[in-house]
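The opening residue of the sequence shown carries number 1 in full-length UniProt numbering; numbering runs sequentially from there. C-beta: ideal position from N, C-alpha, C; glycine also.
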Amino acid sequence: MTTIKTLAVVTAGTSDPSTTTMLASQAAGRVAVLAAEQGVEIQTRMIDLRALANDITSALVAQHISPDLQNAIDVLRDADAVIASTPVYKAGASGLFTAFFQVLDNDLLIGTPVLLAATAGSDRHALVIDDQLRGLFAYLRTITVPTSLFASPDDWNGSDLSKRVDRAATELVVLVVAGFRSTVRDDAWGAYQHSYGSAGGSELGIDLDTELMRMATGGR
1 MTTIKTLAVV
11 TAGTSDPSTT
21 TMLASQAAGR
31 VAVLAAEQGV
41 EIQTRMIDLR
51 ALANDITSAL
61 VAQHISPDLQ
71 NAIDVLRDAD
81 AVIASTPVYK
91 AGASGLFTAF
101 FQVLDNDLLI
111 GTPVLLAATA
121 GSDRHALVID
131 DQLRGLFAYL
141 RTITVPTSLF
151 ASPDDWNGSD
161 LSKRVDRAAT
171 ELVVLVVAGF
181 RSTVRDDAWG
191 AYQHSYGSAG
201 GSELGIDLDT
211 ELMRMATGGR
């Protein structure tokens, strides 16, 4: 029996065609192939941040979540793994990319395996993933695979990029097949610190059945 898993691919590419989206799609395709070899069918859901630019801005400024943005958030919420790909400008990830992840509920991606990818016009930006993106996704309490993907114009002509894609995809598939996300959320969800009003759910509720609360409410 084939197991079905969902892969969310988030791309902040702004051109059409976009090398940022191409890199993410290449990785997603390899994940699907490797997962199939393990008896797992990957259903890929694309999240194009360029189409959500106005919605993301409104969410940051006015705390208004549009239906389209909510749909994207729901895709992430239900995903078994994520590929997150951004262009790099002036030694920093795209503002659109970081803004999207900043509007997410802090609990949304707990335990989710993530493959990080970035593209730029120069190798000078190669450290942006490790220097900036890993910190962002650590804050969101995801698990990022050890191999990240970075591509500048020269990388598309060689075989090294394909080897890195294969390695990163393998790492992501191992976590997906092992059920890392569901195990963490099922067995350790209550051990995480949850913000009031977040997706922490019942873990944030007040336990009225303690001796102190019974005394406070006039009970015995």
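- Note on the region 126 to 162: whole alpha helix (DSSP H) runs with a minimum of 4 residues are 134 to 139, in chain order.
- Per DSSP, P17 is not a residue of any beta strand (DSSP E), being assigned neither H nor E.
- With distances taken between CA atoms, T57 lies nearest to A99 out of L127, L161, A99.
- When the Cα atoms are used, Y89 and R167 turn out to be separated by approximately 26 Å.
- Proximity of the region 175 to 189 to the region 146 to 159 falls short of the contact definition, fewer than three beta-carbon pairs being nearer than 8 Å.
- Counting of Cβ neighbours within 10 angstroms places D155 among the buried residues, the total reaching 16 or more.
- Rounded to whole angstroms, the gap between the alpha carbons of I110 and V176 is 14 Å.
- Distances from the alpha-carbon of Q193 to those of V173, Q38, R141 put R141 closest.
- Inside the region 32 to 92, DSSP marks whole beta strand (DSSP E) runs of 3 or more residues at positions 40 to 48, 81 to 89, from first to last along the chain.
- Annotated three-state conformation of A8 is strand, per DSSP.
- By the CB criterion at 8 Å, R45 and T6 fall inside the cutoff.
- In this structure, the beta-carbon distance from V128 to A91 falls below 8 Å.
- Between G39 and T2 the beta-carbon gap is near 6 Å, inside 8 Å, which marks them as a contact.
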